[in-house]
Structures are given as C-alpha cells and as structure tokens.
Amino acid sequence: MTNENFLALVEHRAPRDPAAVLLEQEDGTTVSYGEMAALSSRIAHALARAGAKPGDRIAAQVEKSAAALALYLACLRGGFVYLPLNTAYQPAEVAYFLGDAEPAVFVCRPESRAALDACAREAKVGTVLTLDAAGHGTLADAAATESSVHPVADARSDDLAVIIYTSGTTGRSKGAMLTHGNLASNGLALVEAWGFTADDVLLHALPLFHVHGLFVANHCVLLSGARMIFHRKYDASVALANLARATVMMGVPTYYTRLLAEPGFTRESASHVRLFISGSAPLLIETFREFESRIGMAILERYGMSEAGMITSNPLHGERRGGTVGAPLPGNEVRVADADDRALPTGETGAIQIRGPNVFKGYWRMPEKTREEFTADGWFRTGDVGCFDADGYLAIVGRAKDLIISGGYNVYPKEIELELDTLPGVVESAVVGVPHPDFGEAVAAAVVLSPGATFDEAAVIALLKTRLANYKVPKRVHVIDDLPRNAMGKVQKAVLRERFSR
Ligand code: MCA
Ligand code: AMP
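Going by my numbering, the letters in the sequence shown line up with residues 2 to 503, in that order.
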C-alpha cells in the first residue's frame, strides 16, 4: 500500500535536484529543497527524542522562519499532529489550547518561555522547547546533532495531520482536525486551478499559523517544485520591491489596499507577476476595480475556511468576477440551501454547505459540536450565506455566524464580550464589527455600566491587550445607557454597528 502521508506526496513531486531553491529569506540567503528535507528530518528525530510518538500533538507558537516551516514538515514526517498557534495569542489563550490539545511537545519563542512554562506544566505538556526567528533555540540545538535522514512516517489518508483552532460563537475555540487526505486533495486542486509550475516564484508574506499562509501558500509551492520569497511579516513597500522577481502573490484584502496606497505600485512594477490572489475576507468591489484599472489585471478572489481549506475560486483563465468567489474547486461540492437543508435554485440566497475530500474530519474531542455542524445528508454548514449566479459564480452575501473578520483574522464577539463582562462596573456588553479603512472590519465594543461606576477606555484597552491577542482587542469601547434589544430581548447588533460606524 502506498504511503498516504501528505509529505510523501510532497517528496514525490519535489524537484529532482535537491539543490533547487525552495525559499529565499529576507537577508538574501536561500534554503534548498534538500536542505529543508534534512532540517525537517533532524527536527523529527529531535521531537521523537523529546518524547513525541506518532499521533501525538506538537504545539508551536513561533515566529515565521525557514525553521518554523521545517518544524511543520517535521511533524508530518514523524507522523505527529501539528498544532500552530498565532503569535499574538496571550498566555491565557495559549493555556486553553495546551489544555485542550494535550500536546507532547510545545515549541515557543525563547522570550515567552518564562510566561508559558506554568501553563505548559498545568496542561501536562511533556517537553517545552524554544525556537527564535533566526532558527536558534533549544529545538535547534537538539536537532543539530541528529541525523539528516528520517523516513516519512507511514500514514493513511484519513489520519490526522494538523489541528487548526478556530474560535466559535460560544466563545470557546474548537480544534478543526485536518487529515493527510484533506491536505493532499486541496493542495493538488489549487496547483491545477492556479496553474502552478516549477517556474513560479511566490511572494509569501502571510503568517505561518493559519490555513492561508501555512497550507495554501506553502503547498502550492511544494507540490509544484516552485520557489518562494519568504517575508517575516507583511510590509507593502518590501513586497513592492520584490514583485519584480515574483510571479504570484497571495494576501488578505488589506495586503492589496496597502499595496494600492504605494505610489510605486504600477503596471510596470507588477508586470512580472502573472497572478494576484486574495482571500480570507471579502475583497471590496472598490479595491477589485481600482486594482484592475491601475494594474490592468483582475485580482483572483477565492473562498476558504479552516475546516475545509480552499472551497471555491475565480478562474485562472476566463472572467474573474468582482464581488464573487468563483466556482467550486475540482472535487469540491458547494450548495446553497434553505433552512431545511434543501438545495435552492440558482439565484436564491441561502446557507452555503459543502462536501468533498477537502472537508475536515471533525472538531477535536467535540463529537456533539461536529454532529451539529453537518446536515443529515453529510454536508458541512459553513455558517456563510451566499448565492450562485447563472454562470456558476458564488457570491458571499453575509454570515449566519456572529463573526468579525479584521485584517483577515477572525474574531468571535462572544469571546470579547465574556472578557468585558468580567471588568468591575460592567453590567453587560456587546461587540460588533465596524468598517475600517485598513482592516476591512474592526472590533468595536459597547458596555453598560452599573450606577456610579467609572470607566477609563484607554486603561480597559490596555488591560484587554494582556488577555487577548491584539487584533481581537476593540479599537473603541463605547459606554452606553442600554443595549438596544428587539421584542425577543435579543441585542440588535445591527443598530450598534450602524451607530459606531458613523
Ligand atoms: C494588526 N493589528 C490589527 C490586525 N493586525 N488590528 C486588527 N486586525 C488585524 N488583523 C493591530 C495590532 O493590534 C497593533 O495595534 C497594530 O495593528 C500594529 O500591529 P502589527 O502586527 O505591526 O500590524 P501589521 O503587521 O500591520 O499587521 C496587519 C496585517 C496582519 C498585515 C494585515 O494582520 C496580517 O498579516 N493579517 C493576515 C491574517 C491571515 O493570514 N489570515 C488568514 C487566516 P496596537 O498598536 O494598538 O497594539 S486563514 C483564513 O481565514 C481562511 C482559511 C482563508 O480563507 O484563508
Ligand atoms: P477561518 O475560520 O479563519 O478559516 O475563516 C473562514 C471564514 O472566512 C469563512 O467562513 C468566511 O466567512 C471567510 N472568508 C474566507 N474567504 C473569504 C472571501 N473570499 N470572501 C468572504 N469571506 C471569506
């Protein structure tokens, strides 16, 4: 039986010459496919020596670097389950993920080790190792003396490869379990849909801890033997300077609005790029149009989610329609359904439901929640609301879930409301998304105070920054007399949104 580990597929499709460049770093140094295989082998040995066994979770909260990519690949290689964590998460948030996932090994930044050691102990994590942005730390030290050869662990397509935590409407994060088969089918579908070849050079400026930067970007490159220019974080002027060498760029809409704010971003400076791809959040039609008239090329918008990787995409060849996310990717099925989970005719708006080899296995240790999110006939409820046009393009017109997407990061209001409600003097709170020129949407909050209570907005924001990842912290916290409610007593968030958007 062939090995269905996703890394086996990657290695099968890797360039024959191990010296072929996989990634270029900001300092100009390069890492070849062969060097990446050797580094991920060393790390896989080091993780095993630290106590990890196949099937164990390896959690990581590390800066973006070639070594961080090697750590992900090492987990696939060793048959471990990779659990990436946003570097913005504060210790209380990390404590939840460690407690829920019970990883055998936790890799963190050296500077946050002191703050995270206690929660790792509490969660009974076997070993804590460190890795910094330059690829140094106790993990690197342990890996340095290991063999540069490690076989790819045998895995079945249905075996777990990665857990990606996504926040939820209840305020409690759920771990989406992605299998080797999910990664393989989605990666191959994207290579085909977007025409990736070994001649491509991807400008990779996305973070490495979410589906967009970790899977979509890396997998397109790895499965086509291409190369990438790896930026630690997104800086529009640095991206612009590198476009002359790139053939593809991927980003969230904020990346493109920031690029358009650069006077030097012209047809000429973009002429080497064959494809600009946007996703993770709605691309405003104004941005789509401005880009097209300035650069003479339409941004390709696609739609995805942590539970299913990429779902639909506008076409590589053919019309890219602004305000839509295109058609289902090869092998994926998408339907727009009514409240009884029955498919609606073209042109009608309803719940977006999906099925296919890209759809995840379920939420980690939440069988009930998993059951709720699937229909009786096996379709996954995305929580997005949309409609197909006569040509098969899907438009996302809203969300049934109470979700804010700020700069491509998801924020569930409930989680922020629970924090606000713990503050002295706060009786109740409501959190909404308001339009933001840079992040698309930004988080805004309203609090109702008990009689006589005082409130210092700046102090509250500063306090929240110690408890929540920075992008979740409200940009404004408004004090209001009462939360607007409908006849059923439900908070009317649309009223607050309208009020705070002015
Ligand atoms: C940073 N800040 C933000 C955000 N990012 N505020 C709201 N929303 C944000 N996204 C705030 C910080 O709190 C800080 O505020 C100030 O901005 C500067 O922080 P810094 O880190 O320097 O900001 P930046 O480097 O300019 O980051 C903005 C960014 C970044 C480049 C847009 O957020 C980003 O890379 N986003 C991409 C997210 C992504 O990869 N999403 C994919 C998810 P203060 O100074 O007050 O502290 S995967 C997904 O959604 C699905 C599967 C899909 O379809 O892809
Ligand atoms: P995540 O939970 O981070 O995986 O985010 C997934 C959610 O992001 C989806 O359910 C959508 O609501 C949203 N999303 C992703 N891509 C797009 C897009 N192109 N347009 C609108 N929303 C998007």
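For glycine and all other residues, C-beta sits at the position ideal for the given N, C-alpha and C. From a predicted model like this one, the values you see are computed outputs, not experimental measurements.
Below 7 Å CB to CB, which residues in the same chain sit around residue i once its five sequence neighbours on both sides are set aside?
i	result
residue 48	59, 75, 79, 81, 106
residue 160	180, 181
residue 486	492, 493
residue 428	449, 450, 451
residue 169	175, 413
residue 422	429, 430
residue 149	39, 42, 43
Provide the residue span of the alpha helix (DSSP H) that contains residue i, from first to last.
i	result
residue 255	254-261
residue 79	67-79
residue 461	458-468
residue 497	494-501
residue 296	286-296
Assuming residue i contacts residue j under a Cβ cut-off of 8 Å, what Cβ separation, rounded to an integer in Å, is found between them?
i	j	result
residue 434	residue 255	Not confirmed; about 14 Å, so no contact.
residue 260	residue 284	With 8 Å as the limit, residue 260 and residue 284 do not qualify as a contact, their Cβ atoms being about 13 Å apart.
residue 385	residue 405	Going by Cβ atoms, the distance from residue 385 to residue 405 rounds to 14 Å, so no, they are not a contact pair.
residue 199	residue 158	About 26 Å; that fails the 8 Å criterion.
residue 57	residue 104	7 Å
residue 389	residue 347	5 Å
Tell me the DSSP secondary structure of residue i in three-state form.
i	result
residue 437	strand
residue 235	coil
residue 37	helix
residue 224	coil
residue 410	strand
residue 390	coil
residue 49	helix
residue 126	coil
residue 118	helix
residue 368	helix
residue 376	coil
residue 142	helix
residue 248	coil
residue 357	coil
residue 381	strand
residue 443	strand
residue 205	strand
residue 150	coil
residue 188	helix
residue 320	coil
residue 428	strand
residue 326	coil
residue 450	strand
Taking the continuous beta strand (DSSP E) assigned at residue i, which residues delimit it?
i	result
residue 175	175-180
residue 97	Segment 92-102 is the alpha helix (DSSP H) holding residue 97; no beta strand (DSSP E) there.
residue 229	228-231
residue 197	Element bounds for residue 197: n/a, residue is neither H nor E.
residue 107	106-109
residue 7	Residue 7 -> not in any beta strand (DSSP E); alpha helix (DSSP H) instead, spanning 7-14.
residue 267	Residue 267 -> no beta strand (DSSP E), and no H or E assigned at all.
residue 277	276-279
residue 62	58-62
residue 311	310-314
residue 331	Residue 331 -> no beta strand (DSSP E), and no H or E assigned at all.
residue 479	477-480
residue 304	301-306
residue 163	161-167
residue 396	395-400
residue 472	Unbroken run through residue 472: none, as it is neither H nor E.
residue 485	Neither: residue 485 is in no beta strand (DSSP E) and is coded neither H nor E.
residue 85	82-85
residue 25	22-25
Quick one: residues in its chain with C-beta nearer than 8 Å to the C-beta of residue i, no 5 flanking neighbours on either side, listed in chain order?
i	result
residue 122	none
residue 379	356
So, for residue i: in the same chain, excluding its five sequence neighbours on each side, which residues have a beta-carbon less than 6 Å away from its beta-carbon?
i	result
residue 124	99, 100
residue 281	213, 253, 409
residue 222	203, 229
residue 25	31, 230
residue 195	317
residue 314	194, 303, 327, 330
residue 336	344, 354
residue 461	478
residue 116	92
Three CB pairs or more closer than 8 Å across the segment 295-307 and the segment 321-336:
yes
Would the segment 255-268 count as touching the segment 84-96 if we require 3 or more Cβ pairs under 8 Å?
no
message: Between the segment 231-247 and the segment 267-283, can you find at least three pairs of beta-carbon atoms closer than 8 Å?
response: yes
Checklist entry - Are there three or more Cβ pairs, one per stretch, closer than 8 Å when the segment 335-353 is compared with the segment 362-369? => result no
Do the segment 386-394 and the segment 326-346 make contact, defined as three or more Cβ pairs closer than 8 Å? yes
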